[in-house]
Amino acid sequence: MSREPRIRLDRVGKWFAAPTVAGKRTDALSDVSFELAPGEFVCLLGPSGCGKSTILNLIAGFEQASTGRVLLDGDPIREPGPDRGMVFQQPMLLPWLSVRENVTLGPRLAGQTPARYLPEAERHLRLVGLHDFADHAPWQLSGGMRQRAALARAWLPNPEILLMDEPFGALDAQTRLSMQELLHDIWRDTGTTILFVTHDVDEALFLADRVLLMSARPAGIRAEIIVPFGRPRDPEELVADTDYGRIKRDILHCVREEAARSLALDPA
Ligand SMILES: Nc1ncnc2c1ncn2[C@@H]1O[C@H](COP(=O)(O)OP(=O)(O)OP(=O)(O)O)[C@@H](O)[C@H]1O
Ligand SMILES: [Mg+2]
17 MSREPRIRLD RVGKWFAAPT VAGKRTDALS DVSFELAPGE FVCLLGPSGC
67 GKSTILNLIA GFEQASTGRV LLDGDPIREP GPDRGMVFQQ PMLLPWLSVR
117 ENVTLGPRLA GQTPARYLPE AERHLRLVGL HDFADHAPWQ LSGGMRQRAA
167 LARAWLPNPE ILLMDEPFGA LDAQTRLSMQ ELLHDIWRDT GTTILFVTHD
217 VDEALFLADR VLLMSARPAG IRAEIIVPFG RPRDPEELVA DTDYGRIKRD
267 ILHCVREEAA RSLALDPA
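In terms of our numbering, the sequence shown opens at residue 17 and continues consecutively.
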């Protein structure tokens with residue numbers, strides 16, 4: 017890689033203590049190494065429980081690695097920071113605040129004056145199509161609108177790195193496609209570095225420069241796929257591409273194999 021990586025995981029292991037004295041500890045990650053280049057869009061795929069969210073939590077600074085190193089621009093990550101944003105599977109909006117108040121939560125908690133953050137917040141609300149709903153409560157929005165508000169909130173502090181944990185998993189297929197296109201356009205315009213967890217191979221191949229496939233727990237990176245399609249990508253044209261079918265089949269094969277291993281490791 018010619019450019020210095022923004023993020024580097026170097027032989028990272030992570031285990032969690034047992035919930036009871038007699039219990040067994042959980043070995044989540046065994047030996048995970050990868051890098052994210054500046055402005056890269058990387059998708060992380062793997063079976064349920066293999067440690068995808070754990071990886072995001074390590075980069076976000078919510079958790080510390082048990083072994084190995086997690087580096088941001090060459091320095092160990094010790095705590096969360098405004099340079100890294102997170103979008104969770106559920107939008108996690110505070111129900112007693114309006115959409116605008118939710119979106120501006122970060123700058124308000126940081127003590128910024130409205131004059132400083134409001135113009136940019138209005139621009140973000142417009143970008144995600146929520147300017148007419150800024151005074152609504154979250155529960156007055158549809159699921160897709162809530163997720164758009166969460167996206168605007170994560171992007172408002174202008175993070176250099178965005179960590180996204182299955183953010184569109186609960187959406188219907190059409191809304192999901194619109195959200196993917198919206199995310200792609202914002203990413204293209206901002207140059208943010210994105211690590212995006214998904215279970216959906218089509219989503220990964222539509223969005224990513226690179227896909228990392230994880231093995232069953234204790235997980236490592238089983239394979240890396242460089243996505244060969246140019247941008248912008250048209251979902252209808254992609255599915256008609258013969259390479260697309262082949263790459264999707266190879267990924268599905270690996271994912272299913274690891275899912276089967278993972279279920280065998282976790283007998284009922
Ligand atoms: N805070 C925690 N305390 C104890 N165990 C944890 C904790 N966080 C994660 N784990 C364990 O680590 C393993 C990996 O969990 P993680 O949430 O990273 O998986 P995942 O790949 O994101 O799964 P999914 O696709 O279902 O979201 C699981 O066995 C989980 O029980
Ligand atoms: Mg998860």
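All C-beta atoms in this analysis are idealised placements derived from N, C-alpha and C, irrespective of residue type, glycine included.
Fair warning: this is a prediction, and the values are worked out from it, not measured in the lab.
Heavy atom of ligand 2 within 7 Å of residue i beta-carbon
{"i": "Lys68", "result": "yes"}
{"i": "Asp181", "result": "yes"}
Exposure label - residue i; buried when at least 16 CB within 10 Å
{"i": "Gln196", "result": "buried"}
{"i": "Arg139", "result": "exposed"}
{"i": "Met17", "result": "Residue confidence is low: Met17 scores 48 on pLDDT, short of 50, so the model does not pin down where it sits. Its coordinate-derived value is still stated next. The residue in question, Met17, is exposed, as its Cβ has fewer than 16 Cβ neighbours within 10 Å."}
{"i": "Lys40", "result": "exposed"}
{"i": "Asn174", "result": "exposed"}
{"i": "Val37", "result": "exposed"}
{"i": "Asp181", "result": "buried"}
{"i": "Arg192", "result": "buried"}
{"i": "Val255", "result": "exposed"}
{"i": "Glu252", "result": "exposed"}
{"i": "Pro92", "result": "exposed"}
{"i": "Ala76", "result": "buried"}
{"i": "Leu172", "result": "buried"}
{"i": "Leu278", "result": "Rather than Leu, the amino acid found at residue 278 in this sequence is Ser. Label assigned to Ser278: buried."}
{"i": "Pro107", "result": "buried"}
{"i": "Leu146", "result": "buried"}
{"i": "Thr209", "result": "buried"}
Check whether residue i and residue j have beta carbons under 8 Å apart
{"i": "Leu178", "j": "Ala170", "result": "yes"}
{"i": "Pro21", "j": "Leu52", "result": "yes"}
{"i": "Ala220", "j": "Glu274", "result": "no"}
{"i": "Glu176", "j": "Asp225", "result": "no"}
{"i": "Phe222", "j": "Arg249", "result": "yes"}
{"i": "Phe57", "j": "Thr42", "result": "no"}
{"i": "Ala166", "j": "Val86", "result": "no"}
{"i": "Pro154", "j": "Arg142", "result": "no"}
{"i": "Leu72", "j": "Val28", "result": "no"}
{"i": "Ala44", "j": "Gly67", "result": "yes"}
{"i": "Arg94", "j": "Ala150", "result": "no"}
{"i": "Leu152", "j": "Ser194", "result": "The sequence shown places His at residue 152, rather than the Leu named in the question. No, the pair does not count as a contact, with Cβ atoms beyond the cut-off."}
{"i": "Pro54", "j": "Phe78", "result": "no"}
Near ligand 1: residue i beta-carbon under 7 Å from a heavy atom
{"i": "Phe212", "result": "no"}
{"i": "Phe32", "result": "yes"}
{"i": "Ile278", "result": "Checking the displayed sequence, the identity of residue 278 turns out to be Ser instead of Ile. No, the Cβ of Ser278 stays beyond 7 Å of every heavy atom of ligand 1."}
{"i": "Arg27", "result": "no"}
{"i": "Ala232", "result": "no"}
{"i": "Thr36", "result": "no"}
{"i": "Ala126", "result": "no"}
{"i": "Thr304", "result": "In this structure the chain extends from 17 to 284, so residue 304 is not present and cannot be described."}
{"i": "Thr314", "result": "Summary: the structure shown does not reach residue 314, with the chain confined to residues 17 through 284, and so no result is reported for it."}
{"i": "Gly62", "result": "yes"}
{"i": "Gly77", "result": "no"}
{"i": "Gly65", "result": "yes"}
{"i": "Ala186", "result": "no"}
{"i": "Ala220", "result": "no"}
{"i": "Thr120", "result": "no"}
{"i": "Lys44", "result": "Per the sequence presented here, residue 44 reads as Ala, with Lys not at that position. At least one heavy atom of ligand 1 is nearer than 7 Å to the Cβ of Ala44, so yes."}
CB contact below 8 Å: residue i versus chain D
{"i": "Glu51", "result": "Absent from the structure is chain D; it holds one protein chain and no more."}
beta-carbon residue i near ligand 4 non-hydrogen atom, thresh 7 Å
{"i": "Thr209", "result": "Inclusion of ligand 4 in the displayed structure is not the case, the ligand content consisting of ligand 1 and ligand 2 alone."}
*Please specify which runs of the beta strand (DSSP E), each continuous and at least 3 residues long, are wholly inside the region 188 to 237, giving them in chain order.*
Complete beta strand (DSSP E) runs here, min 3: 209 to 213, 226 to 230.
*Could you pull out every unbroken alpha helix (DSSP H) segment of at least 4 residues lying fully inside the region 74 to 135, listed in chain order?*
Every unbroken stretch of the alpha helix (DSSP H) spanning 4 or more residues and falling wholly within the region 74 to 135 is given here in chain order: 115 to 119, 121 to 125.
*Report the residue ranges of all beta strand (DSSP E) runs contained in full by the region 18 to 72; include only those spanning at least 3 residues, in chain order.*
Those beta strand (DSSP E) runs which fall completely within the region 18 to 72 and span 3+ residues are 23 to 32, 42 to 52, 57 to 61.
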